[in-house]
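Written below as structure tokens is the structure these notes are about.
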């Protein structure tokens, strides 16, 4: 079998893969401003999906819609076969959507470990009265989750800052802790909002490695926003391009790279 | 059924039955509201220009009034005492800037807020130590404030307006207008607004933070003095005023912390609301509702507009 | 040299997650408890217990309550005085309606009434944030204070309009009322405070404490982590008011021995407790104790300590001096260490750990 045929077969298999999330005709407005108009795309189970576009294209707004922080004015979002109209962010979280933020949104007064343990909140269910005692079942549960979090800490190589308040950490490490916190939720879909913004080359490489590892080892589906085109084209399976709230392209990195409208959007067109 | 009648029908029948009483109550609420607005104005000035929630504004009112009366009692002529008091308020502003604000630049809001708590205690202690804790009489006549009352025949009854109340309303409104113009159209006003938005950005374009803070605290001190004179002339000058000053909080919340017109409208809503509520509905629950009604009115408004009536709509970003 | 964790290896997560992972800290706590339960009752006179220790413990409890709300959950409250009042009146009603039940049970149970009222006034906290929330808590403060005076049923229609604490026995010894000795009251109070501090420490170190702090630090991110804001905030209001309520009941029954709402549970009381929390350190249990010690003992020390040195000062001057000193100290502490005495305590421990080396 030729290499080309193999590749084609891979494509077909991937196309047949289960769809995890579908976004259909979503529009979002703030006052009179249309942040998103009529956006549709899907995310398949197990893939890395990138959302790119110039500043102000509506990428973060799109993520905010997906995890219930913004409510689209029209359109439908289907996750794991369930369509929803309005939902609160904690409902999205309990369905298995986790995320990191463009401007690090860690709990600054808490230690790295406590931050990551917060991600386990939904998995902890010992009731209030056991919590009062912090012995027996409550403590067992606490330790069980501590072990899970320690695995994540190992994986992200942040053992040495386990007990440091995150407010004191440098930016790159904060981003890593934030990824850890999202991973602690054991999400089905992980939304990463500019995970590599403001990082140097080395930190970017580390972060890429973590993202790919998460995708392969934990089989977590990932949707990410990123401005570094090299990174995006390297690690993502498929790319959506937004501009001024409209979708202008959707496809594999190579297809997107060749698309004239994408080139125009990034390089500008002379009129 | 009786209960529903006495809550929803009877008060309105009373209002319609004695419109002159209604007007009298409205007037008293209006004047009370203006005075709340004056206290709130002091808060707004400082909050606008330094982001500090100045809890000490209430005690500054008392302190200014006490200083004025105290100086007069020591034999200083009334207008000289007034000038000296303004000087004292300037000294307080400069001291606050030097001792409290400057070392606390860039601390979280709550820390600055707490520092003004400390200031409150300091001023209470100082005021009582210097002037004694007994209520004093404001030197209204010596300052040529009008006395007595005018009776207006209307709606089949008589509405009594205290002249001092009329003066208070006029002076307060004039001052509010001046301050609005000052904020909007002068160079210092623009600098003040810039500082309120961001300390760092203001510094970077060459605005002197320290100078600005002295100016606003001084302005707030002058507002406090005028409030103290008006309030003192209506009742007397005592530390009890300080609890009344707490009512500036619901006023601020209604007005949205940074808006001068907001403080006025908020003050009027609270002032009129609590007078009307106390007069017509108060007896149903045993009276003396004025201690808490203001807060509940503000709370109800807040449930519908969490940013206050004049505050900008909060768009949450992440 | 003696205070360090070197050589204390933790082999289980459980030992690493203990509240006091360092052996010397545990010994220290044991010593403090020993002094508290045995040393002070034996050596401290009645006057010391009544004017220093009992107020300190009552305020510590209230400060823990407010710290849970303001320090851990980030919700500013000026209503703690009123919630203390709810506890005191609830306890009074309960023990006069059911005199047979042990008073200690009623003191603790009265916290639940305060918790319920706290939840009601906490409801606006979902929509109202920051300084705006002060108005909601002030509404609670003034409305409740008004109710205490206007509803005679609450004080059993006493002519004085005040709570008159009846005599109740605890293990055969009078615990409340005129015949109770300060030692008995102190020991029971210390027991209650120790127990409730342990509970509070359990809460703040577990899942619930983490979700409170998450709400405090970044409420939006907390919600996206799956923490439901309203239940988390209401739980904080409930637990906080519970502690304040128990503190109020203790204040009335084990300290004042009777009194009226407008004196004991007024807005100044709320301020005092807020000072304790801020001076002590937001988000720190030990800070609540340090702050309470500082602010409740300072006026007493001025009032009784300075004359004891031979300097006679009239009562009014002492009062003014207290105000001035308190105000100046608040500002001073905020400038020196905005994170309160608890942070100074931590820095001290850190230094001790390194001692005699500077790094």
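Protein chains in written order, with our numbering: chain A, 184 to 454; chain B, 14 to 331; chain C, 20 to 378. Where is the CB? At the ideal position from N, CA and C, for every residue including glycine. All values derive from a computational prediction rather than experimental measurement.
Inter-residue spacing [alpha-carbon to alpha-carbon] between residue 315(C) and residue 269(B): 36 Å
Residue 99(C) versus residue 198(B) - alpha carbon distance: 44 Å
Going by alpha carbons, who is nearest to residue 396(A) out of 253(A), 335(A) and 239(A)? 335(A)
Contact criterion: CB-CB distance below 8 Å. Does residue 165(C) meet it with respect to chain B? So yes, residue 165(C) belongs to the interface.
With 8 Å as the C-beta to C-beta threshold (strictly closer), list the residues of the region 99 to 114 of chain C near chain B in chain order. Listed in sequence order: no entries.
Less than 6 Å between C-beta atoms, sequence neighbours within five positions excluded: which residues of the same chain meet that for residue 233(A)? 407, 415, 419 and 422
Proximal residues, the region 371 to 399 of chain A versus chain C, C-beta separation under 8 Å: none
Closest to residue 247(C) by C-alpha separation, out of 272(A), 205(A), 224(A) and 431(A), would be which residue? 272(A)
How about residue 106(C) and residue 132(C): do their beta carbons lie closer than 8 Å? yes
In chain C, what lies closer than 7 Å to residue 66(B) by C-beta? 150
Taking 8 Å as the CB-CB cut-off, is residue 362(C) touching chain B? no
Mind reading off the beta-carbon distance from residue 373(A) to residue 365(A)? Whole number of angstroms is fine, and I expect it under 8 Å. Right, the Cβ-Cβ distance comes to about 6 Å (below 8 Å), so this counts as a contact.
8 Å contact criterion, which residue 317(A) and residue 221(C) should meet: CB distance rounded: 4 Å
Suppose contacts are defined by Cβ-Cβ distances below 8 Å. Is residue 344(C) in contact with residue 310(C) by that definition? With contacts defined by Cβ atoms closer than 8 Å, residue 344(C) and residue 310(C) do not form a contacting pair.
Measuring straight from C-alpha to C-alpha, what distance separates residue 308(C) and residue 66(C)? 21 Å
Extent of the continuous alpha helix (DSSP H) run through residue 131(C): 122 to 141
The alpha helix (DSSP H) that contains residue 263(B), what's its start and end? Residue 263(B) -> alpha helix (DSSP H) spans 261 to 268.
Any chance the region 234 to 247 of chain A sits against the region 422 to 431 of chain A, with 3 or more Cβ pairs inside 8 Å? yes
Expressed to the nearest angstrom, what Euclidean distance is found between the alpha-carbon atoms of residue 128(C) and residue 260(B)? Approximately 34 Å, taken between the alpha carbons.
Would you please verify whether the beta carbon of residue 342(C) is less than 8 Å from any beta carbon of chain B? yes
Against chain C: residues of the region 231 to 256 of chain B by CB proximity under 8 Å: 256
Local conformation of residue 29(C) per DSSP, three classes: coil
Find the nearest neighbour of residue 49(C) within the set 116(C), 213(C) and 134(C), judged by alpha-carbon distance. 213(C)
Is it right to say residue 184(A) is buried, meaning 16 or more other beta carbons lie within 10 angstroms of its own, or is it exposed? Reliability fails at residue 184(A), whose pLDDT of 44 lies under 50, so the model's placement of it is uncertain and no value is given.
How would you label residue 203(B), buried or exposed, when you count the other beta carbons within 10 angstroms and need 16 or more for buried? exposed
At a Cβ threshold of 8 Å, is residue 235(C) touching chain A? Interface residue, yes.
Residue-level contact to chain B via CB, residue 90(C), 8 Å cutoff: no
With distances taken between CB atoms, is the gap from residue 88(C) to residue 256(C) smaller than 8 Å? Contact: yes.
Tell me where the alpha helix (DSSP H) around residue 32(B) begins and ends. 32 to 63
Establish whether the CB of residue 139(C) and some CB of chain B are separated by less than 8 Å. no
The region 299 to 322 of chain C: positions lying closer than 7 Å to chain A by Cβ: 302
Given residue 117(C), which residues of its chain have a CB within under 8 Å of its CB, disregarding the five upstream and five downstream residues? 125
Between the C-alpha atoms of residue 344(A) and residue 286(A), what's the straight-line distance to the nearest angstrom? Straight-line Cα distance between these residues: approximately 20 Å.
Comparing alpha-carbon positions, which option in 32(B), 54(B) and 29(B) lies nearest residue 190(B)? 54(B)
Going by the DSSP bridge assignment, what does residue 212(A) pair with across the sheet? 217(A)
Residue 373(C) versus chain A: which residues are under 9 Å apart at the beta carbon? Ordered by position in chain A, no residue passes the 9 Å Cβ test against residue 373(C), which lies about 17 Å from the chain.
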